[in-house]
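**Student:**
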Amino acid sequence: MVSFSIGLNMAAVRTAGTTLALGKGGSAASRLLNLIQSDVGTALIWDYARTDRRFANPTGGANPAASGDVVGLDMDWSSHGTRTYAQVFAEGGYAGPSAVPGNHATQATGAAKPKWQTGPKPFLLYDGVDDMTNVPGLVPGASGTIVSAFRATAGIAATQAMIAGGTFSGNKRCRLALTATGLPSFVFNDQIISLPGSSDIRGTDVVMIQTWGSGRRRCYLSTYSDPLVIDEARVANMDGAGSSYKIGSLEGGASDFFSGRIYGTLIRSVETTDADIRNIVVPAFRNLYSE
Numbered sequence: 001m002v003s004f005s006i007g008l009n010m011a012a013v014r015t016a017g018t019t020l021a022l023g024k025g026g027s028a029a030s031r032l033l034n035l036i037q038s039d040v041g042t043a044l045i046w047d048y049a050r051t052d053r054r055f056a057n058p059t060g061g062a063n064p065a066a067s068g069d070v071v072g073l074d075m076d077w078s079s080h081g082t083r084t085y086a087q088v089f090a091e092g093g094y095a096g097p098s099a100v101p102g103n104h105a106t107q108a109t110g111a112a113k114p115k116w117q118t119g120p121k122p123f124l125l126y127d128g129v130d131d132m133t134n135v136p137g138l139v140p141g142a143s144g145t146i147v148s149a150f151r152a153t154a155g156i157a158a159t160q161a162m163i164a165g166g167t168f169s170g171n172k173r174c175r176l177a178l179t180a181t182g183l184p185s186f187v188f189n190d191q192i193i194s195l196p197g198s199s200d201i202r203g204t205d206v207v208m209i210q211t212w213g214s215g216r217r218r219c220y221l222s223t224y225s226d227p228l229v230i231d232e233a234r235v236a237n238m239d240g241a242g243s244s245y246k247i248g249s250l251e252g253g254a255s256d257f258f259s260g261r262i263y264g265t266l267i268r269s270v271e272t273t274d275a276d277i278r279n280i281v282v283p284a285f286r287n288l289y290s291e
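If you're matching positions, the sequence shown starts at 1 in UniProt numbering and goes up one per residue.
1) Does DSSP put A112 in a helix, a strand or coil?
2) Ordered along the chain, which non-local residues of its own chain (more than five positions away) have a Cβ less than 8 Å from that of G240?
3) Per DSSP, G213 forms a beta bridge with which residues?
4) On the criterion of 16 or more Cβ atoms from any shown chain inside 10 Å, does E251 qualify as buried, or is it exposed?
5) Would DSSP call D274 helix, strand or coil?
6) Name the two residues that bound the continuous alpha helix (DSSP H) containing P283.
7) The alpha helix (DSSP H) with S194 in it runs from where to where?
8) Considering just the uninterrupted stretch of the alpha helix (DSSP H) at N34, what are its terminal residues?
9) Taking Cβ positions, are Y48 and P122 nearer each other than 7 Å?
10) Quick test of your reading: D205 and R151, contact by CB under 8 Å. State the CB separation rounded to the nearest angstrom.
11) Return the CA-CA distance between T15 and M75, expressed in angstroms with no decimal places.
12) Decide if G248 is buried, meaning its Cβ has at least 16 other Cβ atoms within 10 Å, or exposed.
13) So, helix, strand or coil for T59, using DSSP?
14) Kindly indicate the opening and closing residues of the beta strand (DSSP E) around L124.
15) Fully enclosed by the region 215-249, which alpha helix (DSSP H) runs are 4 residues long or longer?
16) W46 and G260 - do their beta-carbons sit closer together than 7 Å?
17) Where does T106 sit, in a helix, a strand or coil, going by DSSP?
18) Which whole-angstrom value describes the C-beta separation of W116 and P58, a residue pair presumed to lie in contact below a C-beta threshold of 8 Å?
19) Tell me the DSSP secondary structure of N171 in three-state form.
20) Verify the contact flag: S222, CB atom, against every heavy atom of the ligand GTP, threshold strictly below 6 Å.
21) Quick one: is V147 buried, meaning 16 or more other Cβ sit within 10 Å of its Cβ, or exposed?
22) Assign I192 to buried or exposed, taking buried as 16 or more other Cβ atoms, counted over all protein chains shown, within 10 Å of its Cβ.
23) Flag this pair as yes or no: are the beta carbons of A161 and D256 separated by less than 7 Å?
24) In this structure, does DSSP put R14 in helix, strand or coil?
Laid out in structure tokens, this is it:
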């Protein structure tokens, strides 16, 4: 019989004989794990240096081993689960992603699956046409945080969404994206933030962050110093309505496909403080692509 912890235990997720990769993050990875240890409902989709956390199909299949191998299941290791997929298989208890509790990103359509790349820092490659993964059942709520470490393809003249979720019609949605000219775009509810003096960041390794709660929304971009808080606004909060989070596409998953590398993605169901963003989240995600 397969058993799972009913509480949140980050340490239990790390099985014997394995180490957390997170690029070469080390202490940054440990601080990030501590930060989210008490979260409930967090989807943590990251750490592409570890192939045993992703599979070819939503129901399992092969682990990616070479550049170009498709990924149909990207596991959430943030909460609840105390068994690896390998352990669940061995114990005969595997019944799809729900066998290991968590918010797993999935894609069943072969052509729409992103492809794992070995690096030098591992990442998922999205084709800008139809590649996308979905986090079923996880919808933006009254507080939350979305983070993406990415490099968008230079030259593509279309809006590219790294993370999006909420109501597709426009209200009560959140999104991290680049405009058709490569400018960073932060969407919350029906507000779109354009940065004065911002430049085309396609072809650049970047961390983008948006966090919200208590009627305010804050946005960050790692190419600004420190990183600078680039926007803070008072807004109406999400209400948990609309579509689930999509990685690599617009809220409904049918347009604004991302083209390029996604090194790591973090979705939290809580607001993240300025200090934690500056000192924990940004350093950890920079380590996903920095040499």
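Each residue gets a CB set at the ideal place from its N, CA and C atoms; glycine is no exception.
**Tutor:** Considering the structure as presented:
1) Correct three-state label for A112: helix.
2) Once the five neighbours on either side are set aside, the close Cβ partners of G240 are V139, P140, G141 and A142.
3) The partner list for G213 (beta bridge, DSSP) reads R216.
4) Its Cβ being crowded by 16 or more others within 10 Å, E251 is buried.
5) Correct three-state label for D274: helix.
6) Its alpha helix (DSSP H) spans residues V282 to R286.
7) If you look at S194, you'll find it isn't in any alpha helix (DSSP H); it sits in the beta strand (DSSP E) that goes Q191 to S194.
8) S27 to I36 is the span of the alpha helix (DSSP H), which, as asked, contains N34.
9) Judged by beta-carbon spacing, P122 lies within the 7 Å limit of Y48, meaning their Cβ atoms are closer than that value.
10) Sure, about 5 Å apart at Cβ, within 8 Å.
11) Low confidence applies to T15: its pLDDT is 30, below 50, so where it sits in the model is not reliable, and the reading given next is rough at best. Going by the C-alpha atoms only, they are around 15 Å apart.
12) Result: buried.
13) Of the three classes helix, strand and coil, the one that applies to T59 here is coil, per DSSP.
14) Unbroken beta strand (DSSP E) run through L124: F123 to D127.
15) Runs of the alpha helix (DSSP H) inside the region 215-249: none found.
16) No, the Cβ-Cβ distance between G260 and W46 is not below 7 Å.
17) Three-state DSSP puts T106 in a strand.
18) Between the beta-carbon of W116 and that of P58 there is about 15 Å, and that puts the pair past the 8 Å contact cut.
19) Note: N171 maps to coil in three-state DSSP.
20) With respect to the ligand GTP, the structure offers nothing, as it holds no ligand at all.
21) Burial call: buried.
22) I192 sits exposed, since fewer than 16 C-beta atoms from the chains shown fall within 10 Å of its C-beta.
23) Against a cut-off of 7 Å, the Cβ pair of D256 and A161 comes out as a contact.
24) For R14, the predicted model reports a pLDDT of 29, less than 50, meaning its position is unreliable; a value from the coordinates is still stated below. Correct three-state label for R14: coil.
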